[in-house]
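Residue numbers (my numbering): 2 to 180.
Structure record follows, encoded as structure tokens.
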């Protein structure tokens, strides 16, 4: 389990702890959205908030080669996108830009977002694809100088690599205000 605890729900600072078999493997400072936390009911596309709650992961991917990912991994290439256009039938989904039936006007070009997307896990937030509820919520790499994300969770690259080689397809992430 990955636990993301946020001391102040209106700030971007977080503590991210990875537990394996009940033991803490690492605990590191991380970041969440610039505007802090939002409940899943309040979360909106573009609000710069990270949704609180418990989620699984739908995909592991990155710009770098597979580090030996325990749950399957896609090395992204130019044209691989995550659709954030609420009007698209591909909303909040991975797609190839050349895909037949492209119907979106907005998407993140995953291969161009280095070093943040060098290693990445996509959360199953808004799997129902409710338009405007939020998309592209990832756990990804943190870089020196970062102060916040656009709604994702970020941690140092070496910790992302540890997660990718350690967690399986049934792993969960819990995002909450610190108690």
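Where a beta carbon is used, it is the ideal one built from N, C-alpha and C, also for glycine.
**Prompt:** Which residues bound the alpha helix (DSSP H) around residue 201?
**Reply:** Absent from the model: residue 201. The displayed extent of the chain is 2 to 180, so no value can be given.
**Prompt:** In this structure, what does DSSP give as the bridge partners for residue 21?
**Reply:** 24
**Prompt:** How about residue 12 and residue 37: are their beta carbons less than 8 Å apart?
**Reply:** Here residue 12 is near residue 37, since their CB atoms are less than 8 Å apart.
**Proximal residues to residue 65 (C-beta, below 6 Å), its chain only, five neighbours per side dropped** = Counting only Cβ-Cβ distances below 6 Å, and skipping sequence neighbours, we find 119.
**Cβ shell of residue 92 (< 7 Å), same chain only, five flanking positions each side left out** = 84, 86, 130, 132, 136
**Request:** Compute the Euclidean distance between the alpha carbons of residue 90 and residue 161, then round it to the nearest angstrom.
**Result:** Roughly 30 Å separates the two Cα atoms.
**Asked** Going by other Cβ atoms of all chains shown within 10 Å of its Cβ, with 16 needed for buried, is residue 81 buried or exposed?
**Response** buried
**Message:** By the DSSP assignment, the beta strand (DSSP E) with residue 155 in it spans what residues?
**Reply:** Segment 154–157, the beta strand (DSSP E) holding residue 155.
**Request:** Note down the Cα distance separating residue 57 from residue 95, rounded to an integer number of angstroms.
**Result:** Taken atom to atom, the span from the alpha-carbon of residue 57 to that of residue 95 is near 16 Å.
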